[in-house]
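In my numbering, the protein residues as written are 12 to 471.
By construction, the Cβ of each residue, glycine as well, lies at the ideal position given by its N, Cα and C atoms.
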């Protein structure tokens with residue numbers, strides 16, 4: 012049986028590594044002391060560093076790479092332990108190079124001293140040191156627990172003559188300055204920023220073609236993943252296993268591992284960046300429709316692999332699975348909506364009736380959280396992007412939820428409508444008010460059918 016060439020659960024290098032040629036070249040030839048590569052989860056940050064490590068070792072140039080995973084370090088002691096582990100692993104894997112360069116065994120000195128000692132020794136051999144730091148978000152914990160260690164480490168990275176540092180992290184590390192004293196230079200000042208985003212189409216096809224698929228299948232996989240390396244690998248792996256791309260897509264749309272990766276990555280973004288993605292999803296796709304500061308953020312989101320920017324300066328959500336996840340997220344949380352200064356307070360109650368199901372779902376959402384949305388005190392607004400109605404700064408009150416969630420939601424919706432709309436507007440609306448007096452005597456499906464009928468009438 013042929014081996015499945017696609018890899019989804021570990022880092023890759025060598026023949027299994029695809030793409031990133033320009034980024035690899037920039038990082039391996041850069042004369043900057045410090046580089047910072049920002050990428051989302053499962054976009055290949057560890058593989059990038061491991062591939063750099065391999066290339067430096069095999070280049071024949073006077074270069075010594077050291078892969079250093081700092082995850083879980085917490086403080087100076089943990090950081091030193093992870094550094095010693097990195098040196099030990101390097102010695103085990105590249106023993107001949109250690110022997111050739113007569114690299115001494117590391118001491119148990121503080122991290123910055125261990126690094127400087129290594130650099131000093133290799134400088135005497137004319138060798139450049141490349142410190143490849145993975146999971147660099149850990150510096151947030153170190154800044155909280157052992158700030159002085161970070162100050163000394165930064166000085167070492169910035170001023171050691173033959174040392175080049177390449178950090179990899181998610182955007183979460185951008186908040187590091189908040190954990191540092193204002194009396195010291197921010198740790199990341201002086202780092203040259205690079206982004207690890209989606210693969211180019213030709214790089215994606217090279218990866219896909221490992222599976223020896225027919226041209227149509229390869230093209231469909233390319234369009235589904237839109238350059239996301241993890242999704243490309245998953246699609247290829249499962250297509251070989253199942254042989255039916257339609258079934259593969261249906262399974263991946265609810266695959267827990269993939270859904271968790273998408274959710275974690277979305278949660279790593281700032282609220283303003285999340286709002287921009289929601290705007291693109293809602294149809295605000297033209298770059299010129301945004302303020303200048305928003306345009307910069309949109310272009311950054313493209314570099315991170317969330318959006319696709321066409322030559323026409325229009326944006327779209329990148330990857331079929333991210334779009335599906337966003338759709339479900341919106342349906343499950345209808346109260347969450349991007350707020351714009353152009354949004355107007357709700358005064359079009361015909362529009363409200365045409366979105367009655369969405370309003371009902373908003374009330375259900377809050378009831379499920381153990382609170383009731385006060386429809387009389389809460390201001391509702393109409394989005395200037397997609398005309399959706401949403402509650403701005405919801406006024407909430409705790410409830411016991413002794414009845415079904417939907418019972419309370421129907422009562423809440425009745426209060427909102429009764430406060431704003433006369434009962435006599437239509438027979439269907441009058442019927443809704445009548446049944447909503449005692450929702451426990453009816454089924455939820457009866458109310459949903461009635462709400463759908465009211466919506467249909469309002470849309471005529």
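>> With three or more beta-carbon pairs closer than 8 Å as the criterion, would you say the region 320-333 touches the region 55-70?
In response: no
> Under three-state DSSP, which class holds residue 264?
Replying inline: coil
> Measuring CA to CA, which of 443, 42, 92 is closest to residue 460?
Replying inline: 443
>> With distance defined between alpha-carbon atoms, name the residue in 468, 465, 421 nearest to residue 450.
In response: 421
> At a cut of 8 Å, does the region 70-87 reach the region 276-296 through at least three beta carbon pairs?
Replying inline: no
>> Quick check on the DSSP output: the beta strand (DSSP E) that includes residue 140 runs from which residue to which?
In response: 139-145
> Smallest Cα separation from residue 417: which of 373, 117, 351?
Replying inline: 373
> For the alpha helix (DSSP H) that residue 307 lies in, which residues bound it at each end?
Replying inline: 303-314
> Would you call the region 129-137 and the region 176-190 touching, i.e. three or more CB-CB distances under 8 Å?
Replying inline: no
>> Quick check on this structure: which residue in 232, 203, 197, 199 has the alpha carbon closest to the alpha carbon of residue 213?
In response: 232
>> By the DSSP assignment, the alpha helix (DSSP H) with residue 476 in it spans what residues?
In response: As displayed, the chain neither begins before 12 nor continues past 471, which places residue 476 out of reach and without an answer.
> So what does residue 180 bridge to, in DSSP terms?
Replying inline: 49
> Starting from residue 77 and walking both ways along the beta strand (DSSP E), at which residues does that stretch end?
Replying inline: 74-80
> Helix, strand or coil: which one does DSSP assign to residue 390?
Replying inline: strand
> For residue 20 versus residue 240, is the C-beta distance shorter than 9 Å?
Replying inline: no
> So, using beta-carbon positions, are residue 150 and residue 202 closer together than 9 Å?
Replying inline: no
> With DSSP run on the structure shown, which of helix, strand or coil describes residue 211?
Replying inline: coil
>> Restricting to Cα atoms, I'd like to know which of 370, 295, 407, 402 is closest to residue 382.
In response: 407
> With a CB to CB cut of under 6 Å and the five nearest residues on each side skipped, what residues in its chain are close to residue 52?
Replying inline: 272, 275, 276
> In this structure, what does DSSP give as the bridge partners for residue 206?
Replying inline: 49
> Cα-Cα, which of 246, 278, 285, 282 is closest to residue 266?
Replying inline: 246
> Beta-carbon separation of residue 405 and residue 369 under 9 Å?
Replying inline: no
> Could you give the residue range of the beta strand (DSSP E) that holds residue 318?
Replying inline: 318-320
> To which residues does DSSP link residue 402 through a beta bridge?
Replying inline: 391
> Since residue 378 contacts residue 419 with CB under 8 Å, what's their CB separation in whole angstroms?
Replying inline: 5 Å
> What distance in whole Å lies between the Cβ atoms of residue 469 and residue 364, which are believed to be in contact at a cut-off of 8 Å?
Replying inline: 4 Å
>> Can you tell me whether residue 209 is buried or exposed? The criterion is at least 16 other CB atoms within 10 Å of its CB, across all chains shown.
In response: buried
> With a CB to CB cut of under 8 Å and the five nearest residues on each side skipped, what residues in its chain are close to residue 95?
Replying inline: 117, 119, 125
> In whole angstroms, what separates the C-alpha of residue 7 from that of residue 205?
Replying inline: For the chain, the structure presents residues 12 to 471; residue 7 sits outside this window and is missing.
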